[in-house]
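K.L.:
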Amino acid sequence: MSTSTSKSTIVATLTLALALGLGPAALAADTAPAPEGSLIDRLIAVVNTDPITLFELHRAAAPFVAKVLSESPADEVPGKLDQVQAEVLDNLINDLLVYAQAKDLGLSVAPEKIDEHIERIRTANGWTVEELTEQLRRLGFASLADYRRHTEREMLKSNAISIKVGSRVKVDEKDVAAEAQRRVGEGNTVEERRALHILLRVDPMGGTDASEAIRQKLLAERERIVAGDESFEEAARRVSEDDGTRPAGGDLSWFVQGDFDPDFEQAAFELPLNDVSEPIRTQFGWHLIKVIAIRDKRIEGDEDIEKLKREIRFRLRQTELERLYLQWVKGLRAQAFIEVKDPRFLRHAAGTAGHPGEG
Numbered sequence: 046m047s048t049s050t051s052k053s054t055i056v057a058t059l060t061l062a063l064a065l066g067l068g069p070a071a072l073a074a075d076t077a078p079a080p081e082g083s084l085i086d087r088l089i090a091v092v093n094t095d096p097i098t099l100f101e102l103h104r105a106a107a108p109f110v111a112k113v114l115s116e117s118p119a120d121e122v123p124g125k126l127d128q129v130q131a132e133v134l135d136n137l138i139n140d141l142l143v144y145a146q147a148k149d150l151g152l153s154v155a156p157e158k159i160d161e162h163i164e165r166i167r168t169a170n171g172w173t174v175e176e177l178t179e180q181l182r183r184l185g186f187a188s189l190a191d192y193r194r195h196t197e198r199e200m201l202k203s204n205a206i207s208i209k210v211g212s213r214v215k216v217d218e219k220d221v222a223a224e225a226q227r228r229v230g231e232g233n234t235v236e237e238r239r240a241l242h243i244l245l246r247v248d249p250m251g252g253t254d255a256s257e258a259i260r261q262k263l264l265a266e267r268e269r270i271v272a273g274d275e276s277f278e279e280a281a282r283r284v285s286e287d288d289g290t291r292p293a294g295g296d297l298s299w300f301v302q303g304d305f306d307p308d309f310e311q312a313a314f315e316l317p318l319n320d321v322s323e324p325i326r327t328q329f330g331w332h333l334i335k336v337i338a339i340r341d342k343r344i345e346g347d348e349d350i351e352k353l354k355r356e357i358r359f360r361l362r363q364t365e366l367e368r369l370y371l372q373w374v375k376g377l378r379a380q381a382f383i384e385v386k387d388p389r390f391l392r393h394a395a396g397t398a399g400h401p402g403e404g
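Residue numbering for the sequence shown follows our numbering, beginning at 46 and increasing consecutively.
1) How would you write the range of the alpha helix (DSSP H) that T364 sits in, first residue to last?
2) Can you give me the start and stop residues for the beta strand (DSSP E) that G330 sits inside?
3) Using 8 Å as the Cβ pair cut-off and three pairs as the minimum, do the region 165 to 183 and the region 205 to 225 touch?
4) With DSSP run on the structure shown, which of helix, strand or coil describes V301?
5) How many angstroms separate the CA atom of T98 from the CA atom of E278?
6) In the DSSP assignment, what are the bridge partners of L88?
7) If E236 sits next to D341, beta carbons under 8 Å apart, how far is it from one beta carbon to the other, in whole angstroms?
8) What is the residue span of the beta strand (DSSP E) that T327 lies within?
9) Candidates E275, E121, A131, Q146: which alpha carbon is nearest V374's?
10) According to DSSP, simplified to helix, strand and coil, what is L184?
11) Any idea if N445 is buried or exposed, counting beta-carbon neighbours within 10 angstroms, 16 or more meaning buried?
12) To the nearest angstrom, report how far apart E275 and L244 are at their CA atoms.
13) Which residues does DSSP list as the beta-bridge partners of R238?
14) Report the option in K158, G211, N170 whose CA atom is closest to the CA atom of E197.
15) Using 7 Å as the threshold, is the C-beta distance between G303 and E351 below it?
16) Using the rule of at least 16 other Cβ atoms within 10 Å of the residue's Cβ for burial, across every protein chain shown, is A169 buried or exposed?
17) Can you tell me whether N93 is buried or exposed, with buried defined as 16 or more other CB within 10 angstroms of its CB?
18) Return helix, strand or coil for V210, following the three-state DSSP convention.
19) Taking DSSP's pairing of strands, which residues face V321 in a bridge?
20) DSSP three-state label for V271, please.
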């Protein structure tokens, strides 16, 4: 986990939701709150008057810490752990500042919106209210009411981002046309791929622990496939949660850039033929991808050109949204009182240098 990776992951999530017009739930942060009544070890940081505790930091960083411990050489672990926790702390600071903006704007969320979100989760999984409550407890929520408060907070934050950042994003159609011309080139062709995928869905409000558990499950499936214990198609029919492609072994048929989620496409178009990807995170959940064929597709007619332009328009919007979001958060940090108590996090923390107001 690097500084650029941690920031771009968050911003990419925001971008997808804003650009596609998704509801606020799709913008939820991946960090679940500490359970009610948890022991507060010690203070790690103060943002204006809001504290961030060691417990909160450890909980938010847990999946990334596990990844460092499992993948890094022993002599590199201490430094990487400090860096990971610093980056997570940086995001927790930003989280508090964005939430404060939502409160300053006087935003509110109708209770029925929260009810709808919770009911969608319950019915999608076929759970009773008691089973849902038990699942939430496993994710660190003390009660259904605790999860409701968390959901409300995340919806407020996403609404604030939509107002302060999403509304300012503009894309120049001249840039779109120029990029389309560059992509098509003299041969009037674009690359087309055929791929299989396995999808495991993630509750956007579920927290990092739930997301990491699903990623680990996909890693286990990947090991079986790569080892030859099972074909990709067999695994897709057995575990994939994409009802549209599961019966066909995960076959997505032919597609070009602009047809699917940008994060999915980036992975699919970088993947060598017949290789199985590592787990890929998108707005829909975690995926495994296998590209089974590649060919050139000739661009013919206005419909093909317009499809290409839609994809370019979306990506340009994503880039501009990231720039504006980082600019906005930098301004919030400059105006805030931020005191990081542990010098390790000052040394590594993403974005701490050069932000007035961080003491």
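Just so it is clear, CB atoms sit at the ideal spot from N, CA and C, and this is done for glycine as well. Owing to the predicted nature of the structure, the values given are computational and were not obtained by experimental measurement.
P.N.:
According to the structure data:
1) Here the alpha helix (DSSP H) through T364 covers 346 to 380.
2) 330 to 343
3) no
4) coil
5) 46 Å
6) DSSP, once it has assigned bridges, lists T98 as partnering L88.
7) Contact between E236 and D341 holds, since their C-beta atoms are separated by about 6 Å, short of 8 Å.
8) 325 to 327
9) Q146
10) coil
11) Nothing about residue 445 can be read from this structure; the chain reaches only from 46 to 404.
12) 17 Å
13) R238 is bridged to F300, I339.
14) K158
15) no
16) exposed
17) exposed
18) coil
19) Beta-bridge pairing links V321 to K335.
20) It is helical.
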